[in-house]
Amino acid sequence: MFKELNPLLHSELRLGVMSILIGVESAEFTYIRKETGASAGNLSVQLEKLSQAGYIAIEKGFNGKMPRTTCRITTEGVSAFREYVEALQSYIARG
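Mapped onto my numbering, the consecutive letters of the sequence shown carry residue numbers 6 to 100.
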């Protein structure tokens with residue numbers, strides 16, 4: 006029996022965001038956008054979905070007069086990401 010894949014993380018962009026955040030303390034919106042190649046609007050929507058699920062925390066502030074959005078993965082997000090990876094590994098192991 007295959008493990009169920011988390012539908013929230015089974016999106017290329019959201020999985021990419023989580024993959025970036027799992028390896029860093031935090032990342033700025035501009036960095037995540039550059040690394041994923043996503044449009045600002047699409048990335049904003051996907052970050053909000055991850056935030057609502059409790060997988061990431063979003064902090065908004067300013068760097069001088071420039072707005073700055075910083076994201077970090079939460080403990081719940083780390084757990085969800087690890088479970089997702091384990092589920093994928095179960096698919097690979099059956100191959």
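Yeah, the Cβ is synthetic: ideal placement off N, Cα and C, and Gly gets one too.
Item	Value
For the beta strand (DSSP E) that Met23 lies in, which residues bound it at each end?	No beta strand (DSSP E) contains Met23, which is instead part of the alpha helix (DSSP H) from Glu17 to Ile27.
If you draw a straight line from the C-alpha of Glu9 to the C-alpha of Thr74, how long is it?	32 Å
Rounded to whole angstroms, what's the CA-CA distance from Ala32 to Pro72? Just pull it up for me.	14 Å
So, does the segment 89 to 98 touch the segment 63 to 72, judging by three or more C-beta pairs under 8 Å?	no
Span of the beta strand (DSSP E) holding Glu64?	Ile61 to Asn68
Of all the options Gly42, Ala45, Thr41 and Phe34, which has the alpha carbon lying nearest to the alpha carbon of Phe67?	Phe34
With a threshold of 8 Å on Cβ separation, who are the neighbours of Thr80 within its own chain once the five nearest residues in sequence on each side are excluded?	none
What distance in whole Å lies between the Cβ atoms of Ile27 and Ile63, which are believed to be in contact at a cut-off of 8 Å?	So it is not a contact: roughly 16 Å between Cβ atoms.
Compare the C-beta of Lys54 with all C-beta atoms of chain D and state if any pair is closer than 9 Å.	Note that chain D does not occur in the displayed structure, where there is just one protein chain.
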